[in-house]
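In terms of the working numbering, the sequence shown opens at residue 5 and continues consecutively.
Ideal placement from N, C-alpha and C gives every residue a C-beta, glycine not left out.
As structure tokens, the structure follows; a few thoughts come after it.
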Amino acid sequence: MFYFVRHGQTDYSERGTKVFQGFGVNLAPLSAVGVRQIEETAKDERLRGASLILSSPYTRAVQTAAILSKALQADIVIETDLHEWKADKTYRWPGEEAAEAAHQEYQACGGRYPDGEERPWETAAEARERVLAVLRRYASYGDVVIACHGMMIEATTQGHHPENGEIVPFELD
């Protein structure tokens, strides 16, 4: 069984300063509230006995994984394909305004391109397949916790957008 855990609340107070500009915003840590959210999540009995914690490479997810690792006594493996949804499939940062516009269009289109059209952003199906390719490699590990992101969880599970610290169980077909 896989258990997706959406990262805790992020501290974006330095957004637009230092290294926290453009794609660097993904270096932002959890807020104090976010740390407490994950400390509470770590107490959930469903996570006990996890053999491994997989994590997105983004700071908010890695910090989430670290808190879970300490509580669960499970090792962490960073998987670069567990990153959040891509506003630009070329992995170039399109800028804040363009990224927000891509996100709005993604939401308006239900994560799918309009018929016969192509967009620069990652579809829900593409995000799902990217994540499933990672999970398949860990299918024999027993219970695995995944510290990651809301849009990624939503696309993979084809469910709702989870709250910070929320656990979403998932089984491979």
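Please say whether Gln41 and Gly169 have beta carbons closer to each other than 7 Å? As a working note, residue 169 is residue 165 in the sequence shown. As a working note, residue 41 is residue 37 in the sequence shown. Closer than 7 Å, so yes.
With a threshold of 8 Å on Cβ separation, who are the neighbours of Ile57 within its own chain once the five nearest residues in sequence on each side are excluded? Taking the first residue of the sequence shown as position 1, residue 57 is located at position 53. Result list for Ile57: Ala69, Leu72, Ser73, Leu76, Ala78, Asp79, Ile80, Val81, Val148, Val149, Ile150 and Ala151, in chain order.
Looking only at its chain, what residues have a beta carbon closer than 6 Å to the beta carbon of Ala91, apart from the 5 residues adjacent to it on each side? Within the sequence shown, the letter at position 87 stands for residue 91. Exclusion of the five residues before and after Ala91 leaves Pro98, Ala103, Ala106 and Trp125 as the residues of its chain whose Cβ lies within less than 6 Å of its Cβ.
Give a yes or no on contact between the region 32 to 49 and the region 137 to 144, applying the rule of three or more CB pairs nearer than 8 Å. Taking a cut-off of 8 Å for Cβ pairs, the region 32 to 49 and the region 137 to 144 do not touch, as fewer than three such pairs fall below it.
Who pairs with Cys152 in a beta bridge, going by DSSP? The residue you call residue 152 lines up with position 148 of the sequence shown. The partner list for Cys152 (beta bridge, DSSP) reads Arg10.
Nearest neighbour of Leu176, chosen from Gly154, Gly163, Glu158 and Ala143 [CA to CA]: Position 172 of the sequence shown, counting from 1, holds the residue named residue 176. Comparing Cα-Cα distances from Leu176 to each of Gly154, Gly163, Glu158 and Ala143, the minimum goes to Ala143.
For Glu121 and Gln13, the rounded distance between their alpha carbons: What you label residue 13 is simply residue 9 of the sequence shown in a count that begins at 1. What you label residue 121 is simply residue 117 of the sequence shown in a count that begins at 1. Those two C-alpha atoms are separated by around 35 Å.
For Leu34, which of helix, strand or coil comes out of DSSP? Against the sequence shown, residue 34 aligns to sequence position 30. Leu34 falls in the strand class under three-state DSSP.
Paired residues, beta bridge with Ser59 - DSSP: Numbered from 1 along the sequence shown, position 55 holds the residue referred to as residue 59. DSSP lists Ile82 and Ala151 as partners of Ser59.
Outcome for Thr127 when other beta-carbon atoms lying within 10 angstroms are tallied against a minimum of 16: Residue 127 sits at position 123 when you count from the first residue of the sequence shown. Buried, since its Cβ has 16 or more Cβ neighbours within 10 Å.
In angstroms, rounded to a whole number, what distance separates the CA positions of Ser59 and Ala65? The count along the sequence shown starts at 1 and reaches residue 59 at position 55. The count along the sequence shown starts at 1 and reaches residue 65 at position 61. When rounded, the distance between both Cα atoms is 6 Å.
Going by DSSP in three states, Val23 sits in which element: helix, strand or coil? The count along the sequence shown starts at 1 and reaches residue 23 at position 19. DSSP, read as helix, strand or coil, puts Val23 in coil.
Provide the residue(s) that pair with Val172 in DSSP beta bridges, ordered along the chain. Indexing the sequence shown from 1 puts residue 172 at position 168. Answer by DSSP bridge pairing, in chain order: Phe8.
To the nearest angstrom, how far is it from the Cα of Glu167 to the Cα of Glu88? As a working note, residue 167 is residue 163 in the sequence shown. As a working note, residue 88 is residue 84 in the sequence shown. In this structure, the alpha-carbon of Glu167 lies about 15 Å from that of Glu88.
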